[in-house]
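**Q** Residue numbers (our numbering): 3 to 95. Here you go, one structure.
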C-alpha cells in the first residue's frame with residue numbers, strides 16, 4: 003500500500019505534513035529550513051504547550067509538567083517512589 007503523495011503539481015514524493023513532501027512543505031517560520039511536522043511548522047517553531055515550570059521548555063508529559071518537574075505517575079507498589087513504566091508499576095515491580 004502506498005501512502006499519500008505530495009499535492010504540489012508534478013511531484014510524486016510521499017507527503018509528510020499538510021499534504022506536502024519535505025521539499026515542498028518546509029517550516030513556515032521565516033528563515034527556517036527544517037521540514038514541517040504539524041500545522042506547517044517544525045518541532046522548534048510549532049510545538050504545542052510547554053512544561054508549566056517557569057523557565058522549562060520541555061514537552062509536558064502529564065498534568066502540564068515534564069518528567070523532570072513531576073509530570074509522571076509513580077509506581078503503585080507500596081512505598082515505591084520510582085516512575086510508572088506502564089501498567090501502574092516501575093520496571094522493578
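Positions of the beta carbon are idealized from the N, C-alpha and C atoms, including for glycine. None of these values were measured; they are calculated from a predicted model.
Could you check where the alpha helix (DSSP H) with residue 46 kicks off and where it finishes?
**A** Taking the chain shown and counting its residues from 1, one reaches residue 46 at position 44. Start and end: 45–48.
**Q** So which of 87, 60, 81 has the shortest CA-CA distance to residue 71?
**A** As a first step, residue 71 is located in the chain shown; it is residue number 69 there, counting from the start. Residue 71 has its Cα closest to that of 60, out of 87, 60, 81.
**Q** Given this structure, state the Cα-to-Cα distance separating residue 18 from residue 46, to the nearest angstrom.
**A** Locating residue 18 in the chain shown gives position 16, counting from the first residue. Locating residue 46 in the chain shown gives position 44, counting from the first residue. If I take the Cα positions, the gap works out to 17 Å.
**Q** Return helix, strand or coil for residue 3, following the three-state DSSP convention.
**A** Indexing the chain shown from 1 puts residue 3 at position 1. At residue 3, the pLDDT of 49 sits below 50, so the modelled position is not reliable and the matter cannot be decided from this model.
**Q** Can you list, in chain order, the residues of its chain with a C-beta nearer than 6 Å to that of residue 29? Leave out the 5 residues immediately preceding and following it.
**A** Residue mapping note: residue 29 aligns to position 27 of the chain shown, counting from 1. If we look at residue 29 and ignore the five residues flanking it on each side, its Cβ neighbours are 36, 38, 43, 44, 47.
**Q** Distance check for residue 41 and residue 33, CA to CA, integer angstroms please.
**A** Locating residue 33 in the chain shown gives position 31, where the first residue counts as 1. Locating residue 41 in the chain shown gives position 39, where the first residue counts as 1. Their Cα atoms are separated by approximately 17 Å.
**Q** Short check: CB of residue 64 to CB of residue 50, under 7 Å?
**A** For the purposes of this step, residue 64 is identified with residue 62 of the chain shown, where counting begins at 1. For the purposes of this step, residue 50 is identified with residue 48 of the chain shown, where counting begins at 1. Contact flag unset, no.
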